[in-house]
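Enquirer: Take a look at the following structure, please.
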């Protein structure tokens, strides 16, 4: 009988260097510049086919980009930052959120396994979890979001997930009316905002007696904003001890 030696190799960093599409685009005044000093070397969280884009989905807003992957595929952080959430989170399933400089937060959801902890410092390209289909997902994929001060923006205006390249080295804040050029031959495209709140997101631990209505009233926000931010519906059952993000 032949003997086989199985070698398990943990890859701490799994980022292929991103190819810049255009390094000469003009940067609008007030834009957030994604400099290596603050954000590290930008990385695609996972290179794959986009199966659902950012934008309206029926009566709801799809606040991220869905990228097809297989269960167990490695997912990496897009920028340097600090892990804020590393836990199951309602419709997101197993969720990791990473806070970055200047109010930027990235979301990585539907993971099958989380490989980081809350409060951990993470570098761009560092593996934070494995792909899966936990939460509200009908197929294995990565639901990836980029938010600025709690407001989701279209990540495909920054990243080309299918070609492992980036389209901009900066982000225009959703509160601004400016536009960015994604290439020398394309028209200017405004980065869209899906919400109207301007403050940074907070977290609320669900307590006995809490309802979406009471939480929304307490923080002075709408129920629909809480639902969008947490990928839940008005009919979702709240569990004592779970954390809700609040705009």
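In mature numbering (1 follows the signal peptide of the UniProt record, and there is no 0), the protein residues as written are -20 to -1, 1 to 227. By construction, the Cβ of each residue, glycine as well, lies at the ideal position given by its N, Cα and C atoms.
Identify whether residue 164 lies in helix, strand or coil by the three-state DSSP scheme.
Expert: Its pLDDT being 30, under 50, residue 164 is placed unreliably by the model, and nothing is read from it.
Enquirer: Using C-beta distances below 7 Å, list every residue in its chain close to residue 19, excluding the 5 sequence neighbours before and after it, in chain order.
Expert: Excluding positions up to five away in sequence, the list reads 59, 60, 80, 81, 104.
Enquirer: Give every residue of the same chain whose Cβ lies closer than 7 Å to the Cβ of residue 186, excluding the five residues on either side of it in the sequence, and list them in chain order.
Expert: 218, 219, 220, 221, 222, 224
Enquirer: Can you look up residue 198 in the DSSP assignment and give me helix, strand or coil?
Expert: helix
Enquirer: Can the beta-carbon of residue 112 be found less than 9 Å from the beta-carbon of residue 93?
Expert: In this structure, residue 112 sits near residue 93, with a CB-CB distance shorter than 9 Å.
Enquirer: Span of the beta strand (DSSP E) holding residue 183?
Expert: 182 to 185
Enquirer: Using beta-carbon positions only, say whether residue 65 and residue 76 come within less than 9 Å of one another.
Expert: yes
Enquirer: Considering Cα atoms alone, identify which of 44, 8, 208, 130 is closest to residue 84.
Expert: 130
Enquirer: Compute the beta-carbon to beta-carbon distance between residue 73 and residue 115, rounded to the nearest angstrom, for a pair I have assumed lies under 8 Å.
Expert: Separation of the CB atoms of residue 73 and residue 115 is rounded to 2 Å, and the pair is thereby assigned contact status at 8 Å.
Enquirer: For residue 4, which residues in the same chain have their Cβ closer than 6 Å to its Cβ, ignoring the five residues on either side in sequence?
Expert: Caution applies to residue 4, whose pLDDT of 47 falls short of 50 and renders its modelled position unreliable; the value that the coordinates give is listed next. Closer than 6 Å at the Cβ level, and outside the excluded window around residue 4, lies no residue.
Enquirer: Would you kindly work out how many angstroms separate the C-alpha atoms of residue 126 and residue 196, rounded to a whole number?
Expert: 23 Å
Enquirer: Do you know how far the Cα of residue 7 is from the Cα of residue 191?
Expert: So the alpha carbons of these two residues sit roughly 44 Å apart.
Enquirer: Taking residue 10 as the reference, give the member of 48, 153, 100, 57 with the closest Cα.
Expert: Measuring C-alpha to C-alpha distances from residue 10 to each of 48, 153, 100, 57 identifies 153 as the nearest.
Enquirer: On the three-state DSSP scale, how would you describe residue 122?
Expert: strand
Enquirer: Hey, residue 86 and residue 78 are a contact pair by Cβ (cut 8 Å); roughly how many whole angstroms apart?
Expert: 5 Å
Enquirer: Start and end of the alpha helix (DSSP H) containing residue 16?
Expert: 16 to 19
Enquirer: Can you give me the C-alpha to C-alpha distance between residue 141 and residue 150, rounded to a whole angstrom?
Expert: 17 Å
Enquirer: For the alpha helix (DSSP H) containing residue 208, list its first residue and its last residue.
Expert: Where residue 208 is concerned, the enclosing alpha helix (DSSP H) stretches over 203 to 210.
Enquirer: Check each candidate in 124, 194, 133, 204 and name the one with the smallest Cα separation from residue 28.
Expert: 124
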